[in-house]
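Read the structure below first, then the notes.
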Amino acid sequence: MTDRSATAAQPAPTTRTGGVRLDRVTKRFRSGTIGVDDVSLTVEPGEFVTFLGPSGSGKTTTLNTIAGFAKPSSGRIEIAGADVTALPPSKRNLGVVFQNYALFPHMTVRENIAFGLHGRGLSKAEIGARIEESLAMVRLDGLGDRTPKQISGGQQQRVALARALVYRPPVLLMDEPLGALDKALRDRMQVEISRIHREVGTTFLFVTHDQGEALGLSDRIVLFDRGRVVQVGTPAELYERPASLFAAEFLGESNVFRGELAGPGALRFGEQTLRCMGDGPASGSAAVVVRPERLRLVGTADASGRADASGGAARGAIDPAARGAAGAENRVEARVVNIAYFGAFRRVTLRYADGSSGLLHDGVDAPAPIALGDPVVVGWDAEHAVVVPVPAPAEHAA
Amino acid sequence: MDETTRAGWGLRLWAILVAVLLVAPLLVVVPISFAEKRSFKFPPDGLSVDWYVNLFTDQRWTSAIGTSILVGVLVTLICTVLGTAAALGIHRLGGRVAALVTGVLVAPMIVPGIVSAVAIYSVYLRWQLTGNLLGFLLAHTVLAIPFVIVTVTSSLSTTDPMLERAAASLGAGPWRTFVRVTLPAIAPGVGAGALFAFVTSFDEVVAASFLQSPAIRTLPIEMFVSVTNEVDPTIAAVSTVILALTTAIVLLPAFTRRRPSQKASSS
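Line by line, the protein sequences give chains A and B.
If you use full-length UniProt numbering, the first sequence corresponds to residues 1 to 398, in order.
If you use full-length UniProt numbering, the second sequence corresponds to residues 1 to 267, in order.
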């Protein structure tokens with residue numbers, strides 16, 4: 001959406017390659033379980049799309065049907081405009097980066113990269129040039145003669161990328177490629193993958209269960225749950241406008257207030273009515289989702305639980321005016337359960353009156369002097385409160 | 001320190017005792033093979049290399065050696081190709097069918113040799129496969145192929161299945177994937193299987209004693225005939241040669257493996 005203007009402003013890659021289209025793809029396993037359930041999806045040429053979901057949600061199986069490693073039970077798969085549903089993996093002209101890299105252990109780095117250039121009608125000189133070019137792209141110049149065992153995990157990852165891109169496939173598939181790396185290396189490789197994506201202009205399909213990777217890398221995120229696509233959108237859309245409780249809870253952290261809708265943009269929560277975005281459903285069981293950084297401390301509550309946001313008279317601790325929070329449209333009482341300092345922000349764990357727990361991130365400026373066990377009042381604006389449907393009463397109780 | 005050395009001594013004595021019991025009977029044939037007279041007396045009265053000369057000149061012995069090597073090499077080739085193919089198929093099949101196929105193919109390893117031999121003999125007699133090379137090849141292939149299947153299957157189970165997917169994603173068809181990726185990965189298993197197949201064929205007595213004729217005899221049969229019919233120290237010479245060769249085969253990998261690692265550490 002609006003936040004993606006940064007992407008649009010980046011220099012356009014030299015060539016836009018092919019897109020991917022899934023049309024009602026379903027994969028039933030021999031055991032009868034459904035791995036992928038009626039998934040339709042269009043990935044634009046040159047796009048970076050992430051398949052995000054918990055394990056067993058169908059994201060990897062969907063990727064496998066695109067790669068040709070799994071045959072869909074029904075549906076159609078197109079790559080760069082051509083129907084590839086019946087083609088074996090070797091004829092799909094895709095690049096694939098595997099979770100454990102799957103480098104050929106008996107070959108050198110250069111031989112690994114050269115493997116995919118075989119039989120593509122390239123001269124020896126061209127092959128040599130392509131290999132050196134892709135070694136340079138992943139910044140491994142000079143390591144061509146090592147074997148996979150002689151290089152580090154991060155370097156193996158780069159070789160896997162180079163090997164999958166050297167023959168310039170229209171689409172690159174990556175299955176949890178960063179899963180085996182440690183945190184620092186993972187962050188560095190994310191930056192590298194973004195850079196390479198911009199440089200080559202290939203369509204990237206990236207499978208991960210890590211929401212941080214999904215938010216940081218993608219043009220669009222496809223959120224999977226139980227074999228189905230539950231939401232597709234830019235990272236900002238998914239984070240700020242989750243369409244379901246699952247989306248809200250899987251991607252990022254949230255405060256969830258469950259209640260009954262009392263019209264568009266109004267939810268009955270206990271004895272209160274919470275104002276929220278009005279474009280959701282207007283009646284039935286629902287929940288309001290508020291992100292931790294949208295929540296503000298607006299006052300303290302006295303021991304009897306009566307909210308007191310009139311200037312901090314009870315304890316004199318929090319001055320809403322000074323914190324610029326006077327305008328918070330919704331106010332809810334909570335108790336402070338935990339406070340953790342993270343440097344860039346402070347993370348306050350809250351417990352609400354209905355027993356549910358929540359989170360508040362507050363900035364480093366003038367942190368309110370709150371202590372564990374303190375009754376507080378937190379507030380937020382309606383424009384930051386998203387209404388999502390709550391499926392069944394049973395789940396509501398849980 | 002003291003305790004560990006003492007414990008070490010007890011263990012060492014035991015190990016030496018076991019080793020002597022295992023190896024001593026084998027080593028007795030070495031001096032006998034160098035005997036001067038036609039006798040199995042131990043220790044021999046005088047020394048000579050007459051029996052080695054006899055072994056490599058007497059047409060009876062040389063043709064038996066030739067037959068054994070020919071049968072062994074051909075059986076090894078057949079078993080390695082078929083056994084590797086079978087193991088690949090079984091590996092891909094998976095599940096109950098794979099277990100069944102494995103059971104059938106590996107059965108000759110479990111069924112007592114004499115039972116297989118009698119069965120093979122009664123059938124081959126009808127098919128006129130006794131007393132000729134083809135009969136030996138078929139019988140030994142059946143008996144030796146389980147070793148290739150077992151070693152290659154275990155190699156396959158430790159090979160990363162993603163390697164074949166990677167090769168396929170890079171555009172390699174099944175044949176190129178096998179030759180460039182799978183085969184190098186399972187090469188140790190294939191090699192071990194081939195060695196076992198050769199030894200199984202070379203060493204096989206029971207089926208061979210049914211299938212043999214004066215025209216075609218493998219080395220173990222010739223040795224058996226010799227030791228039952230005559231006093232000929234040539235059999236001790238054969239045993240010594242086989243002992244030396246098998247020892248060399250066992251030790252060879254240990255020596256060849258050390259060299260590359262030294263190179264790697266020096267560079």
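Quick reminder that beta carbons are idealized off the backbone N, C-alpha and C, glycines included.
Query raised in the report: Taking the C-alpha atoms as reference points, what is the distance between Ser134 (chain A) and Val150 (chain B)?
Result: Cα to Cα, Ser134 (chain A) sits roughly 41 Å from Val150 (chain B).
Query raised in the report: So, Val199 (chain B) versus Gly113 (chain B), is the Cβ gap smaller than 8 Å?
Result: Result no, Cβ atoms of Val199 (chain B) and Gly113 (chain B) do not sit closer than 8 Å.
Requested in this report: Give the range of the alpha helix (DSSP H) segment to which Lys183 (chain A) is assigned.
Outcome: Looking at the DSSP string, the run of the alpha helix (DSSP H) that includes Lys183 (chain A) is 183–200.
Query - Closest residue to Tyr121 (chain B) among B:Ile110, B:Leu105, B:Leu138 (Cα-Cα distance) - result: Closest in C-alpha terms to Tyr121 (chain B), from the list B:Ile110, B:Leu105, B:Leu138, comes B:Leu138.
Report task. Alpha carbon to alpha carbon, how far is Tyr124 (chain B) from Phe136 (chain B)? Give it in angstroms, no decimals. Result -> Computed Cα separation, rounded: 10 Å.
Requested in this report: Report yes if the CB atom of Val207 (chain A) is closer than 8 Å to the CB atom of Leu165 (chain A), and no otherwise.
Outcome: Not in contact: Val207 (chain A) and Leu165 (chain A) (Cβ atoms no closer than 8 Å).
**Report entry** For Val225 (chain B) and Ala215 (chain B), the rounded distance between their alpha carbons
**Finding:** Spanning the two alpha carbons is a distance of roughly 14 Å.
**Report entry** Inter-stretch contact at 8 Å, needing at least 3 Cβ pairs: the segment 164–173 of chain B / the segment 89–108 of chain A
**Finding:** The segment 164–173 of chain B is in contact with the segment 89–108 of chain A.
Requested in this report: Report the three-state DSSP secondary structure of Ala80 (chain A) (helix, strand or coil).
Outcome: Three-state DSSP puts Ala80 (chain A) in coil, outside helix and strand.
Requested in this report: Starting from the C-beta of Gly189 (chain B), find all residues in its chain whose C-beta is less than 7 Å away, skip the five residues before and the five after it, and write them out in chain order.
Outcome: Correct list, in chain order: Thr151, Val152, Ser154, Ser155.
**Report entry** Among A:Ala114, A:Leu143, A:Gly119, A:Arg139, nearest to Ala129 (chain A) - alpha-carbon criterion
**Finding:** Just measuring C-alpha positions, the residue of A:Ala114, A:Leu143, A:Gly119, A:Arg139 sitting nearest Ala129 (chain A) is A:Ala114.
Query raised in the report: Going by DSSP, what residues sit across from Val152 (chain B) in a beta bridge?
Result: Per DSSP, none; premise fails for Val152 (chain B).
Report task. Please classify Gly312 (chain A): does DSSP put it in a helix, a strand, or coil? Result -> With a pLDDT of 39 at Gly312 (chain A), under the threshold of 50, the predicted position of this residue should be treated as unreliable, though the coordinate-derived value follows. Gly312 (chain A): coil per DSSP, three-state reduction.
Query raised in the report: Under a CB-based cut-off of 8 Å, is Arg96 (chain B) close to chain A?
Result: Interface flag for Arg96 (chain B) against chain A is unset, since no Cβ pair is found closer than 8 Å.
**Report entry** In chain order, each alpha helix (DSSP H) run of at least 4 residues that lies wholly inside the segment 121–205 of chain B
**Finding:** Listed in chain order, the complete alpha helix (DSSP H) runs (minimum 4 residues) inside the segment 121–205 of chain B are 133–157, 162–169, 174–177, 183–203.
Query raised in the report: Nearest-angstrom Cα distance between Arg198 (chain A) and Ile221 (chain A)?
Result: Cα to Cα, the separation comes out at about 17 Å.
Query - Contacts around Val290 (chain A), its chain only, beta-carbon distance under 7 Å, and the 5 residues preceding and following it disregarded - result: Closer than 7 Å at the Cβ level, and outside the excluded window around Val290 (chain A), lie Ser254, Asn255, Trp380, His384, Ala385.
Query raised in the report: Skipping 5 residues on each side, what residues in its chain have a beta carbon closer than 7 Å to that of Ser5 (chain A)?
Result: Unreliable positioning characterises Ser5 (chain A) in this predicted model, as indicated by a pLDDT of 42, which lies under 50. A coordinate reading is not provided.
**Report entry** Interface flag, Arg217 (chain B) vs chain A, CB-CB below 8 Å
**Finding:** Arg217 (chain B) has a beta carbon lying at 8 Å or more from every beta carbon in chain A.
Query raised in the report: Does any C-beta atom of chain B lie closer than 8 Å to the C-beta of Pro170 (chain A)?
Result: Judged by the 8 Å Cβ criterion, Pro170 (chain A) is not in contact with chain B.
Query raised in the report: From the beta carbon of Val163 (chain A), is the nearest beta carbon of chain B less than 8 Å away?
Result: Per the sequence shown, the amino acid found at residue 163 (chain A) is Arg instead of Val. With 8 Å as the cut-off, Arg163 (chain A) counts as an interface residue toward chain B.
Query raised in the report: Going by other Cβ atoms of all chains shown within 10 Å of its Cβ, with 16 needed for buried, is Asp232 (chain B) buried or exposed?
Result: The residue in question, Asp232 (chain B), is buried, as its Cβ has 16 or more Cβ neighbours within 10 Å.
Query raised in the report: Is the CB of Ala99 (chain B) under 8 Å away from at least one CB in chain A?
Result: No, no contact with chain A.
Query raised in the report: Leaving out the 5 sequence neighbours to the left and right, which residues in its chain are closer than 7 Å to Gly305 (chain A) when beta-carbon positions are compared?
Result: Unreliable placement is indicated for Gly305 (chain A), whose pLDDT of 44 sits below 50; no coordinate value is reported for it.
Report task. Identify, in the order they occur along the chain, each residue of the same chain with its Cβ nearer than 7 Å to the Cβ of Arg217 (chain B), setting aside the five sequence neighbours on each side. Result -> Taken in chain order, the residues that qualify are Ala64, Thr67.
Query - Below-8 Å beta-carbon distance, Leu163 (chain B) vs any chain A residue - result: Interface flag for Leu163 (chain B) against chain A is set, since a Cβ pair is found closer than 8 Å.
**Report entry** Under the three-state DSSP convention, the category Glu333 (chain A) falls into
**Finding:** If DSSP states are grouped into helix, strand and coil, Glu333 (chain A) belongs with the strands.
Report task. At 9 Å on the CB atoms, spell out the chain A contacts of Ser154 (chain B), in chain order. Result -> Residues of chain A with a Cβ closer than 9 Å to the Cβ of Ser154 (chain B) do not exist, since the nearest Cβ in that chain sits about 17 Å away.
Query raised in the report: Are the C-beta atoms of Ala192 (chain B) and some chain A residue less than 8 Å apart?
Result: Not one chain A Cβ lies under 8 Å of Ala192 (chain B).
Query - Span of the alpha helix (DSSP H) around Lys59 (chain A) - result: Residue range 59–67 is occupied by the alpha helix (DSSP H) that includes Lys59 (chain A).
**Report entry** Neighbourhood of Thr349 (chain A) by C-beta distance below 7 Å, restricted to the same chain and skipping five residues each side
**Finding:** Sequence-distant Cβ neighbours of Thr349 (chain A) in its own chain, meaning closer than 7 Å and more than five residues away, are Val337, Asn338, Ser357, Leu359.
Requested in this report: Kindly list, in the order they appear in chain A, the residues whose Cβ is closer than 7 Å to that of Pro184 (chain B).
Outcome: The contacting residues are His106.
Query - Where Met223 (chain B) falls: helix, strand or coil (DSSP) - result: DSSP places Met223 (chain B) in helix when its eight states are reduced to three.
Report task. Please say whether Leu223 (chain A) and Phe250 (chain A) have beta carbons closer to each other than 8 Å? Result -> A Cβ-Cβ contact shorter than 8 Å links Phe250 (chain A) with Leu223 (chain A).
Query raised in the report: How many whole angstroms separate the CB atoms of Thr273 (chain A) and Ala262 (chain A), which I take to be in contact at a CB cut-off of 8 Å?
Result: Their Cβ separation, rounded to whole angstroms, is 6 Å, which keeps Thr273 (chain A) and Ala262 (chain A) in contact under 8 Å.
Query raised in the report: To the nearest whole angstrom, what separates the beta carbons of Ala102 (chain A) and Leu88 (chain B), a pair I think is in contact under 8 Å?
Result: With a Cβ gap of about 18 Å, Ala102 (chain A) and Leu88 (chain B) do not count as contacting.
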